[in-house]
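As they're listed, the protein sequences go chains X and C.
With our numbering, the residue at position 141 of the first sequence is 141, and numbering never jumps.
With our numbering, the residue at position 142 of the second sequence is 1142, and numbering never jumps.
Working notes, beginning with the structure itself.
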Amino acid sequence: MTPQQSKQILLAFRPWANDALDPEMAEALALCRENPELAQWLEAHCETQAALRNSFKKITPPVAFKEQIISEYNASLRQTWWRRPTVMATLALIVIVVAISSIVMPHLKSGSKLTAFEAFRTRMVNSAVKTYSMDVETNDVAQIRVYLAGKQSHADYVPPANLYEKTSAVGCAALSWKGKPVAMICYKTGHPLADGSKSDMFLFVADAKDVPNGPLASTPQFTKVGMLSTASWGQGGKLYLLAALDEGELVRRLGL
Amino acid sequence: MASAWDFEGLVARYYEPLYQFAFSLTRAEADACDLTQQTFYVWATKGHQLRDSDKVKTWLFTTLHRQFLESRRRHTRFPHHELESAEIELPVVQPREINTLDTDKVLATLARVDENFQAPVALFYLQDYSYNEIAEILELPLGTVKSRISRGIGQLQAMFAKDMPPKKKRSEL
């Protein structure tokens, strides 16, 4: 290694760092120890390097720069909280759940969906409880049948054998369900009536074929719907639904 | 692993050397602040990907340098130099003359050095990084970094020598 080569290598020598451990540097430094002129140059060069380093080290950040970095970071966190991994994961989970629900729920709904008959029964009970009004108010069953016949409704209905025991008709209405006629005959059982009520038992009659899934057998099926008890059965191609407050009352009327 | 660093602790430890490096590259306080802040922002968003916590400092310096290069690319295109074929300029400046210079003058002179040499030279003076670490930060081969440091220092000192008034001989005093 010549002195000139040694100088070129030692240009990048830093007395404050571990550069002397570099084999090439070590060889150049060894040459300096043998060559007084080179050693003098190295001494001056190291002083220059130290002075330059000192100049670089005098660079100082603006006052409160550290606080500014932290403050702006915190502000950006508040603005982008939704980008945090945990939030993103939660949002992704919600999206997945919604997507799965949109696929699965229709099937669940169809599983829990009311059958045509159940829907019919619920609708009729609601009619009796909330919105019913009689088209004709009379205790004359013949008039009721005439009225229903005039409305192309079910004038030929067959009431349970014991229905009129201590019970009287008070009127009727010609209803419809999905465009098909439903006859509603209202009765009074003799029990005290609620204020404003004119009847406390209702017989609904529809064509069995107009209400799919309805009972076909003549043996009544009892079901509580809301505040009313119901009994439903099939007879002569018709569907009968009897509703009253008390199931015991129904049992008695049906002669069971 | 890297998440073991809390953000405030990381800033407290590294904001000053990062700013010094940024300032030596940009020579403008606002630009240096932007670069430093951007570096910590990148850390906040991507730092968790760093597996080795011992590499945090190197990662920060590398990120800052990348940000600097990107900002430069937006403004100008670097002239390409065949570094390996260039001659190394030997220093002819005296240390006591360097001592008379303030930081602004030193950085202004650094700005006149070949752009490819500036970052290696700044890291060379500012930090105690080994050449290997400087190469890792600047994402350059070790030989290239050594060459750029030598040439950069040579250019820098040659410029100082040129700018300094010639030293008077004792007989002239």
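Glycine is no exception: its CB is placed at the ideal position from the N, C-alpha and C atoms.
**Message:** My output table needs one value for P181/X: the three-state DSSP class, helix, strand or coil.
**Reply:** strand
**Message:** Going by DSSP, what residue range makes up the beta strand (DSSP E) through Q1020/C?
**Reply:** No beta strand (DSSP E) holds Q1020/C; the alpha helix (DSSP H) holding it covers F1007 to T1026.
**Asked** Helix or strand or just coil, what does DSSP make of K166/X?
**Response** coil
**Message:** Can you find the residues in the same chain that come closer than 7 Å, C-beta to C-beta, to V225/X, ignoring five residues on each side of it along the sequence?
**Reply:** Answer for V225/X: R121, T122 and V125, listed in chain order.
**Asked** Just the Cα atoms here: how many angstroms apart are S1147/C and L1140/C?
**Response** Between S1147/C and L1140/C, the C-alpha separation is close to 11 Å.
**Request:** Give the secondary structure of V225/X by DSSP, where H, G and I count as helix, E and B as strand, and everything else as coil.
**Result:** strand
**Prompt:** To which residues of the same chain is R161/X closer than 7 Å at the C-beta, ignoring the five residues directly before and after it?
**Reply:** Looking at the sequence provided, one finds Ala at residue 161/X rather than Arg. Contacts found: G255.
**Request:** Within 10 angstroms of the Cβ of R1151/C, are there 16 or more other Cβ atoms? Answer buried if so, exposed if not.
**Result:** buried
**Request:** Give the range of the alpha helix (DSSP H) segment to which A20/X is assigned.
**Result:** Segment: none, A20/X is in no alpha helix (DSSP H) and carries neither H nor E.
**Item:** Cutoff 8 Å: G1143/C Cβ touching any chain X Cβ
**Value:** no
**Asked** What did DSSP end up calling T189/X once you bin it into helix, strand or coil?
**Response** coil
**Message:** Could you tell me the alpha carbon to alpha carbon distance between L114/X and P220/X, rounded to whole angstroms?
**Reply:** 19 Å
**Asked** Along the chain, where does the beta strand (DSSP E) that runs through M134/X open and close?
**Response** No beta strand (DSSP E) holds M134/X; DSSP gives it neither H nor E.
**Request:** With 9 Å as the C-beta to C-beta threshold (strictly closer), list the residues of the stretch 1027–1050 of chain C near chain X in chain order.
**Result:** E1029, A1032, C1033, T1036, Q1037, F1040, Y1041, A1044, T1045 and H1048
**Request:** For A1122/C, go through chain X and note every residue whose CB falls closer than 9 Å to its CB, in chain order.
**Result:** Chain X residues near A1122/C: F56.
**Prompt:** Does the beta carbon of G1154/C come closer than 8 Å to any beta carbon on chain X?
**Reply:** yes
**Message:** Which of the three DSSP states is assigned to L1140/C in this structure?
**Reply:** coil
**Prompt:** If we count the other Cβ atoms within 10 Å of its Cβ and call it buried at 16 or more, is W16/X buried or exposed?
**Reply:** exposed
**Request:** Classify Y164/X as buried or exposed, calling it buried when 16 or more other Cβ atoms lie within 10 Å of its own Cβ.
**Result:** exposed
**Within chain X, partners of Q1118/C - CB distance below 8 Å** = Within 8 Å Cβ-Cβ: nothing; Q1118/C doesn't reach chain X, min ~12 Å.
**Prompt:** Within 8 Å (strictly less), CB to CB, does A1111/C reach chain X?
**Reply:** no
**Asked** Assuming V1145/C contacts Y1131/C under a Cβ cut-off of 8 Å, what Cβ separation, rounded to an integer in Å, is found between them?
**Response** 6 Å
**Cβ distance (whole Å) where A208/X is taken to contact L239/X below 8 Å** = 5 Å
**Message:** According to DSSP, simplified to helix, strand and coil, what is G236/X?
**Reply:** coil
**Prompt:** Where does the unbroken alpha helix (DSSP H) through V146/X begin, and where does it stop?
**Reply:** Per DSSP, V146/X belongs to the alpha helix (DSSP H) from V141 to G150.
**Asked** My guess is that A1012/C and A1022/C are in contact by the Cβ rule of under 8 Å, so how many angstroms apart are they, rounded?
**Response** Actually they are not in contact, since the Cβ atoms of A1012/C and A1022/C sit about 17 Å apart, beyond 8 Å.
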